[in-house]
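Here the structure comes first, spelled out in C-alpha cells, and everything after it is commentary.
Protein chains: 2
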Amino acid sequence: MKAHQVTIKDIAKILGISISTVSRALKNHPDISEETKVQVKDLAHKLNYEPNALALNLRRSKTNTIGVIIPEIIHHFFSSVISGIEDVAYDMGYNVMICQSNESYEREVINAQALLCNRVDGVLISIAKTTLDFDHFRHFTNQGIPMVFFDRICPDIMTDRVITNDEGGAFLATEHLIKIGCKHIAHFAAPQHLLIGQGRFAGYQRALKQYQIQFDPRLVLNCNTRDGAFEKAAQFLNDNPDVDGIFAVNDNTAIAVMQIINKLGKKIPEDIAIVGFGDGPDALITSPPLTTIEQKGYDIGTEAVKLLIHRIENESSSDSFQTKVIPPNLIMRESTDKENVLSANV
Amino acid sequence: MKAHQVTIKDIAKILGISISTVSRALKNHPDISEETKVQVKDLAHKLNYEPNALALNLRRSKTNTIGVIIPEIIHHFFSSVISGIEDVAYDMGYNVMICQSNESYEREVINAQALLCNRVDGVLISIAKTTLDFDHFRHFTNQGIPMVFFDRICPDIMTDRVITNDEGGAFLATEHLIKIGCKHIAHFAAPQHLLIGQGRFAGYQRALKQYQIQFDPRLVLNCNTRDGAFEKAAQFLNDNPDVDGIFAVNDNTAIAVMQIINKLGKKIPEDIAIVGFGDGPDALITSPPLTTIEQKGYDIGTEAVKLLIHRIENESSSDSFQTKVIPPNLIMRESTDKENVLSANV
DNA sequence: AAAATTTCCGCAATCGTTTGCGGTTACGTT
DNA sequence: AACGTAACCGCAAACGATTGCGGAAATTTT
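As you go down the protein sequences, you meet chains A and B in turn. Residue numbering for the first sequence follows the working numbering, beginning at 385 and increasing consecutively. Residue numbering for the second sequence follows the working numbering, beginning at 385 and increasing consecutively.
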C-alpha cells in the first residue's frame, strides 16, 4: 500500500543511466540526446513521476509558498480577501498557506513561527484585535522575508500595505445621509483604539462639518457588533427620538439595528435611514436592502499579493514601501431610498 | 538586507563543535553534556535560529501538511469547514494548504498535482460541480496518500467520507411543514445528477409519503440559486396558488423566494411557510428569520480532518473506510411559526 | 592519421537536518 | 599499571533534486 514515491533515482536505475542525465532530460537540457529524452520522459510519465518540491525548495531555498495570517476565515470579508489572494497566487505559480489567529495574539505568534519554519517566500497579514506587540513580525524582516499588511495594518513596521479608505468611505456614507435630508445622524462606532474605528469616525465628523451640521457627541454610540446592537440600540433610539439617519461602522451592526427599528414599528428609510459598511452579501437580503460602503475584499487580496510577489521577485530593488488605498464606493439600496428612486427600476 | 538564514552549521562553526552535536543539543539528546546544551541553546536563541522545515521534511519524507481542495472559499459553508479543519490541524501540529477549484475541473486537477508535488501528508476534498472524471484523485491513493472526501464526495473512490444526512434533513424540513399544517408543499430542488439534489428530494418525498400526502410532480421546481429563484419563482407561485409551504434545497434559494413572496404581497408564514437548508448566518437576518436545516460546516471540517490524521498516523492499520454522517437538525424560526410560538419569548 | 571539435553523459558538491556507528577522552576498578 | 566503562562528541550517509566541470566516444577537420 505504502508506495514509495517515484524519484529520478528510480528512473535512472531502471534506464541504467545517471541521475543527472534524468534530471537534464526532464528539463530539456541541450546536452541530452533526443533519444534519451524520449525514453526518460516516457518512463517518468508511466511511473507517474512528480518532482519532489521539498528537495527543490531546499536546494533553491525558495518555496513558492505565501503565508497568510488572518483573524477569522468565516468572516465574509476575509474569505473574499483569501479568494483574491488565492487566484493571483495561483496564476503566478505560488501556493498559499493559511493560518487563522482567531483574534488571539498567542496564536498569531505561533502562526508566524510556523511560517518562518516553513520558509515561506513572503507573508500577508491582517493582525488580530488583541495584538499589541509586534516583535513576532520583525523576525520576518530580519530574515529578509517580505511582508504586506492589509486592512488591519501594523503602524510600527515599515512594509507595503493595502487598506480601505475608511475615512473616505465614512464620509461618503454620512454625506449620502445628509443629501437625502437627514438632519440628526447617529454613528454606531467601533472602539477608538482601532484604526478602523478612528478612520470611520473621522469621516463621519468631516462630512458633518463640511455640510455645517453641528456635531453632537450624544449621537455617537460605541457599538460595533450584532449583540451590542441588541443590547444598546433600542434604548439609544428611545433616548434620541429625533435621530433620522444612522451610519453604522459595519453591516452586521447596521443589520441588527434595522431589525430593532423594524420591531419598534418605525419605517426605514422614511423614519430612519441607515447606512452600513462592508457590503457583504447580507446587505442584499435584509428588508429593506441595506445601503452600504463597498469594502472590496477580493481586490484587497489581489493587490496585497501582487505587492508581495513583486517584492519577492525583486528583492534587490529597494523601492520604498507603498501603501495602497482601495477607494471606497457607496452602494445605494432601499434603506436610504427616501425618494423611491430604486423602485422605479423594479 | 537579504540575511542568510541561520542554520545549525553556523552555530556549530561559531561554537567550534560539530553539526551533529548541535542537532543533538537542541533535541536534548542524553549524549550531550549540560554545558554544551546550554551554550548551543543560548546561541540558537540569540541568533533567532529556526529549524528549516524543508530539510526536516525531506529527510523524514513527511511534511505535516494537509492539503484541502474546495470549490469556493467565499461560501459560508466552506469557510466554516475550513475553520474546523484549521482548528483541529493546528492542535495536532499540522499545517493546512488550501486550494480553490472555483468549481472548475481543470483547476481541480492542477490543484491535486500541486499538492502531490508538495508531498502533503493527506488531502481533504470536496469536488467541483464540473468534475466527472476522478483519475486525478487516484494518484493520491497510488502514492499512499490518504484522502477524505466531505460534503461533495466521490462515489467511485473508496475512502473515508464525511457527509450531511441530506435525506434525513429534507425529511425533517418537510415533516415540519406538514406538522404546522401545510397541505401543498412545493420543493425547490437542485439538479438530480448531484447527490445533494437526489438526497434532499428523496427526503421530501419520504415525508410526504409517511404522512399520506399525494406527491405532485408539478410542485417540484428545478431551482437552486438566488438568480434562478428570481427567474422562476413568481411565475411558479402564480401557477400554483394553493402552495402553502415551500422546502427549498438551500438557504440562498429560500431567501430569494421569501423576498419574492414578500413582494407579491403574501404573508410568511401565514400564507406560505418556508424552510431552507444550510443555516448560514443569512437565515437570521431575513424578515422573517428563516427556518432551516443546520448544515454543520465546522463539525464536518473537524470530523474530516480527524479521520484524515488518523489515517496518516496509522498508515499500517487497514481499518475499513468509514463514512461519517453528520446528523441533521431543524432550526425553527419565524418563517414557519404559524402559531406565534417564538414571539412569546421576545 | 593525428588533431580538433562536437555530442553526450557522469561525478560530486550542495541545500539543512537527523542518526547509526565509531572514536576520544577521562574516570574508576582491580 | 592495565583494563573496563562511562560520558561526549564527530564522521558520513541519507532525503531528492540541480549543475559546474570534466571526460569518453564519435565525428569532423587538417
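Cβ atoms here follow ideal geometry from the backbone N, Cα and C, with glycine treated the same way.
In this structure, DSSP gives isoleucine 710 of chain A an extended state, which the three-state scheme calls strand. With the rule of 3 Cβ pairs closer than 8 Å, the region 714-726 of chain B counts as touching the region 664-683 of chain B. Counting every other CB atom within 10 Å of its CB across the protein chains shown gives aspartate 628 of chain A a total of 16 or more, marking it as buried. Contacts between aspartate 666 of chain A and chain B, judged by CB atoms closer than 9 Å, involve Pro665, Asp666 and Ile669 in chain order. Using a Cβ-Cβ distance cut-off of 8 Å, the region 510-517 of chain A and the region 542-561 of chain A are not in contact, since fewer than three pairs of beta carbons, one from each stretch, lie closer than that value. Of the candidates A/Ile564, A/Gly553 and A/Arg610, the residue whose Cα lies closest to the Cα of glutamine 582 of chain A is A/Gly553.
Excluding sequence positions up to five before and after lysine 567 of chain A, its CB lies within less than 7 Å of the CB of Asp628, all in the same chain and listed in chain order.
Across the set A/Ala557, A/Glu559 and A/Arg536, the C-alpha of A/Arg536 shows the shortest separation from the C-alpha of threonine 548 of chain A. Nearest neighbour of cysteine 501 of chain A by Cα position, chosen from B/Ala437, B/Gln596, B/Lys446 and B/Ile458, turns out to be B/Ala437. Rounded to the nearest whole angstrom, the C-alpha separation of lysine 593 of chain A and alanine 586 of chain A is 10 Å.
For leucine 579 of chain A, the secondary structure class from DSSP, reduced to helix, strand or coil, is helix. When CB distances to chain A are screened at a threshold of 9 Å, the residues of the region 464-484 of chain B falling below it are Ser464, Ile466, Ser467, Glu470, Asp471, Tyr474, Asn479, Val480, Met481, Ile482, Cys483 and Gln484, in chain order. For isoleucine 453 of chain B, the three-state secondary structure derived from DSSP is strand. Annotation for glycine 477 of chain A: Asn448 place their beta carbon closer than 8 Å to its own, counting only its chain and skipping 5 residues before and after. In the assembly as shown, asparagine 636 of chain A is a buried residue. Its beta-carbon has 16 or more other beta-carbons within 10 Å.
With 16 or more neighbouring CB atoms inside 10 Å of its own CB, proline 455 of chain B falls in the buried class. Between the C-alpha atoms of valine 604 of chain A and phenylalanine 631 of chain A there is a straight-line separation of about 10 Å. Excluding sequence positions up to five before and after lysine 616 of chain A, its CB lies within less than 8 Å of the CB of Leu605 and Cys607, all in the same chain and listed in chain order. Within the region 519-544 of chain A, the residues whose Cβ lies closer than 7 Å to some Cβ of chain B are His523, Asn526, Gln527 and Gly528, listed in chain order. Contact annotation: in the region 432-444 of chain B, residues whose CB is within less than 7 Å of a CB in chain A are Asn432, Glu434, Pro435, Asn436, Ala437, Leu438, Ala439, Asn441 and Leu442. Between valine 689 of chain B and alanine 473 of chain B, the CB-CB gap stays under 8 Å. Residue burial is scored here from C-beta neighbours: arginine 602 of chain B has fewer than 16 other C-beta atoms within 10 angstroms and is therefore classed as exposed. For valine 659 of chain B, the secondary structure class from DSSP, reduced to helix, strand or coil, is strand. Note that the region 690-708 of chain B does not touch the region 659-670 of chain A; fewer than 3 beta-carbon pairs, one per stretch, sit closer than 8 Å.
Under the DSSP assignment, histidine 571 of chain A falls in the beta strand (DSSP E) whose first and last residues are 569-573. Counting C-beta pairs closer than 8 Å gives fewer than three between the region 453-469 of chain B and the region 488-501 of chain A, which falls short of the contact rule.
The alpha carbon of asparagine 486 of chain A has as its nearest neighbour, out of A/Ala512, A/His577, A/Glu687 and A/Val480, the alpha carbon of A/Ala512.
Minimum Cα-Cα distance from aspartate 703 of chain B among the listed residues B/Phe555, B/Ala613, B/Leu692 and B/Gln598 corresponds to B/Leu692. Around the beta-carbon of phenylalanine 599 of chain A, fewer than 16 other beta-carbon atoms lie within 10 Å, marking it exposed.
Beyond the five residues adjoining it in sequence on each side, serine 488 of chain B comes within less than 8 Å, by CB distance, of Ala512 and Thr514 in the same chain, given in chain order. Of the candidates A/His388, A/Pro435, A/Ile401 and A/Gln389, A/Pro435 places its Cα closest to the Cα of lysine 411 of chain A. The beta-bridge partner set that DSSP reports for valine 532 of chain A consists of A/Leu508 and A/Asp544. With a threshold of 16 other beta carbon atoms within 10 Å, glycine 649 of chain B falls short and is exposed. Note on geometry: alpha-carbon atoms of isoleucine 416 of chain B and leucine 427 of chain B lie some 16 Å from one another. Among the residues facing chain A, leucine 500 of chain B is included, as its CB has a counterpart in that chain under 8 Å away. Ranking A/Arg443, A/Lys563 and A/Glu687 by CA distance to the CA of aspartate 471 of chain A puts A/Glu687 first.
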